[in-house]
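One structure is given here, and the rest of the page talks about it.
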Amino acid sequence: MDLSALRVEEVQNVINAMQKILRVSHL
Numbered sequence: 349m350d351l352s353a354l355r356v357e358e359v360q361n362v363i364n365a366m367q368k369i370l371r372v373s374h375l
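If you want the numbering used here, it's the position in the sequence shown, counting the first as 1, plus 348.
As structure tokens, then:
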């Protein structure tokens with residue numbers, strides 16, 4: 349596993365979590 353690939357996955361997970369929070373706040 350590349351550390352860079354792992355970081356990309358972590359960033360995507362954070363982005364997904366932020367998007368979920370934004371959707372809930374908009375509701």
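Idealized CB from N, CA, C, for every residue including glycine. Since the model is a prediction, treat every value here as computed from it, not as a measurement.
Could you tell me the alpha carbon to alpha carbon distance between residue i and residue j, rounded to whole angstroms?
{"i": "residue 360", "j": "residue 375", "result": "23 Å"}
{"i": "residue 350", "j": "residue 369", "result": "29 Å"}
{"i": "residue 371", "j": "residue 354", "result": "26 Å"}
{"i": "residue 301", "j": "residue 352", "result": "As displayed, the chain neither begins before 349 nor continues past 375, which places residue 301 out of reach and without an answer."}
{"i": "residue 367", "j": "residue 356", "result": "16 Å"}
{"i": "residue 365", "j": "residue 358", "result": "11 Å"}
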